[in-house]
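*Asks:*
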Amino acid sequence: MNLIKTLLASTILVAATSAGAQAQSYPDKPVTLVVPFAPGGAVDLVGRFLADKLGAAWGQTVVVENIPGAGTLLATGQVANANPDGYTLLVNSATVTMSAAIQETPLVNPSEDLTHIGRIGATPLLLAVSPSLGVSNYEEFAALAKSQELNYATVGVGSLNQFATEILRSAAELQMVPVHYSGGSPAMTDVIGGHADLFYGSITQVIPHVREGLMTGILVSSAERSETLPDLPSVGELGMNDAIIENWWGLFGPAGMDAALVEKINADLNTVLQTPEMAEFLQRDGGRPIWGTPAEFTAQVQGEYATWRKVAEEQGIRPE
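Under our numbering, the residues of the sequence shown are numbered 307 to 626, in order.
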């Protein structure tokens, strides 16, 4: 019996030592970073910037692969089923918890089917409308949306855009219906062209078009006004505290990744997030970096998934 215990202990020690050595040498080949949206949206922009910085830190190429569709669940499912060796990673937003929350039985459960490596950053949302609507502020927009039905663009059923807009619609008693797109870029292109009326997305994503005069900024989703857009009211300021919402980005891997490898990638991610370059990239368009432990990120994902399942039921958000 003692011999068996000794052999078992030796086997566990060898396995742990091997896993630790693999984590320290990671990565020794290119890494694929999957983005579940079309190029040009907020998640894509964050993912590409992060890929460059992690690639430089690792001395390896980090290849960005865009796999849009199914409210991010197509890409998320592919990553969930990938080899958990750390060479296929996913950058996703709060949408990952929302798109799964609208499913009776989700194709991918973000609480269980992914490894939660770490948070990246967060940003309030910016509601912007097509100039063709002829409104220049929230009061004019609200009056119009109460008098007629408007089309709002989303990046898919169960996306952050849909949840946020539906919560705002309910809080302000507006008339709005969704039009779904494969990503933020095509969605905003149609708003700019007047084919859809409005888009409620991350400040990081929307603000370049507002600054260029291609879309009209209406409000931000935070409790207080944004320092980036001080002239626009916040939902908190307008008395709609239930509509306060924030988008976040995080780094995921397949379920079953070795703990030592997860800690290694998390540590490298946090180092990148604390660089002036990353802070400047996120802050110049209204976002901010957020770093922390895998355990903290897991708690956030699990908590929000439970919350959004409840909101989906209350707002009647279901797959089409």
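Cβ coordinates follow ideal geometry from the N, Cα and C atoms, glycine included.
Given the structure is predicted, the values throughout are model-derived calculations rather than measurements.
Quick check on A612: buried or exposed, where buried means 16 or more other Cβ atoms within 10 Å of its Cβ?
*Replies:* exposed
*Asks:* Decide if R475 is buried, meaning its Cβ has at least 16 other Cβ atoms within 10 Å, or exposed.
*Replies:* buried
*Asks:* Going residue by residue through the segment 490-519, where are the continuous beta strand (DSSP E) segments of at least 3 residues, counting only ones entirely within it?
*Replies:* Taking only runs of at least 3 residues, the beta strand (DSSP E) segments lying wholly in the segment 490-519 are 504-508.
*Asks:* In the segment 381-469, which residue ranges form an unbroken beta strand (DSSP E) of at least 3 residues, counting only runs that do not cross its ends?
*Replies:* 394-399, 420-435 and 456-460
*Asks:* Assign S331 to one of three DSSP states: helix, strand, or coil.
*Replies:* helix
*Asks:* So is the beta-carbon of R425 under 7 Å away from any non-hydrogen atom of the ligand NAP?
*Replies:* Of the ligands one can find in the structure shown there are none, so the ligand NAP has no counterpart to examine.
*Asks:* With N547 as the anchor, note down where its beta strand (DSSP E) starts and where it stops.
*Replies:* Neither: N547 is in no beta strand (DSSP E) and is coded neither H nor E.
*Asks:* How many Å lie between V461 and G559 at the Cα?
*Replies:* 22 Å
*Asks:* With a threshold of 8 Å on Cβ separation, who are the neighbours of A477 within its own chain once the five nearest residues in sequence on each side are excluded?
*Replies:* If you ignore the 5 residues before and after A477, its C-beta comes within less than 8 Å of the C-beta of V541, M546, D548 and A549, all in its own chain and listed in chain order.
*Asks:* T421: which of T599, K616, W614 and T471 sits nearest, CA to CA?
*Replies:* T599
*Asks:* Specify, as a first and last residue, the run of the alpha helix (DSSP H) that V578 falls within.
*Replies:* Its alpha helix (DSSP H) spans residues A565 to L579.
*Asks:* Are three or more beta carbon pairs between the segment 421-437 and the segment 505-523 nearer than 8 Å?
*Replies:* yes
*Asks:* Taking its Cβ as the centre, do 16 or more other Cβ atoms sit within 10 Å of E472, making it buried, or is it exposed?
*Replies:* buried
*Asks:* Taking the alpha-carbon positions, what's the W614 to Q409 distance?
*Replies:* Whole-angstrom Cα-Cα distance: 11 Å.
*Asks:* Cα-Cα, which of H486, K616, D564 and Q580 is closest to Y393?
*Replies:* D564
*Asks:* Label A344 either buried or exposed according to how many other C-beta atoms from any shown protein chain fall within 10 Å of its C-beta, with 16 as the threshold for buried.
*Replies:* Counting C-beta atoms within 10 angstroms of its own C-beta, A344 has 16 or more neighbours from the protein chains shown and is therefore classed as buried.
*Asks:* Kindly indicate which three-state DSSP category P625 falls into: helix, strand or coil?
*Replies:* coil
*Asks:* Rounded to a whole number of angstroms, what is the C-alpha to C-alpha distance between E610 and T403?
*Replies:* 7 Å
*Asks:* List the residues that DSSP assigns as beta-bridge partners of S527.
*Replies:* Partner(s): none; S527 has no beta bridge.
*Asks:* Would you check if the distance between the CB atom of T401 and the CB atom of L450 is smaller than 8 Å?
*Replies:* no
*Asks:* For N572, count the other beta carbons within 10 Å of its own beta carbon; 16 or more makes it buried, fewer makes it exposed. Which is it?
*Replies:* buried
*Asks:* Is the CB of L356 under 8 Å away from at least one CB in chain D?
*Replies:* Absent from the structure is chain D; it holds one protein chain and no more.
*Asks:* Give me the DSSP bridge partner(s) of T522.
*Replies:* V435
*Asks:* By Cβ distance below 6 Å, which residues in the same chain neighbour Q468 in space, the five residues on each side in sequence not counted?
*Replies:* T460 and P484
*Asks:* Using beta-carbon positions only, say whether A428 and W554 come within less than 8 Å of one another.
*Replies:* Between A428 and W554, the C-beta gap is smaller than 8 Å, which places the two residues in contact.
*Asks:* Just tell me which of N415, N443 and L480 has its CA closest to the CA of V516.
*Replies:* Closest option to V516, Cα to Cα, is N443.
*Asks:* By the three-class DSSP mapping on this structure, what secondary structure does P345 have?
*Replies:* In this structure, P345 counts as coil in the three-state DSSP scheme.
*Asks:* One question on the structure: do Y458 and M482 come within less than 8 Å of each other, judged by their Cβ atoms?
*Replies:* yes
*Asks:* Could you give the distance in angstroms between the alpha-carbon of L337 and the alpha-carbon of G347?
*Replies:* In the sequence as displayed, the identity of residue 337 is Val instead of Leu. Approximately 21 Å, taken between the alpha carbons.
*Asks:* By the DSSP assignment, the alpha helix (DSSP H) with P582 in it spans what residues?
*Replies:* P582 to Q589
*Asks:* Under 8 Å: do the segment 521-530 and the segment 352-362 share three or more Cβ pairs, one atom per stretch?
*Replies:* no
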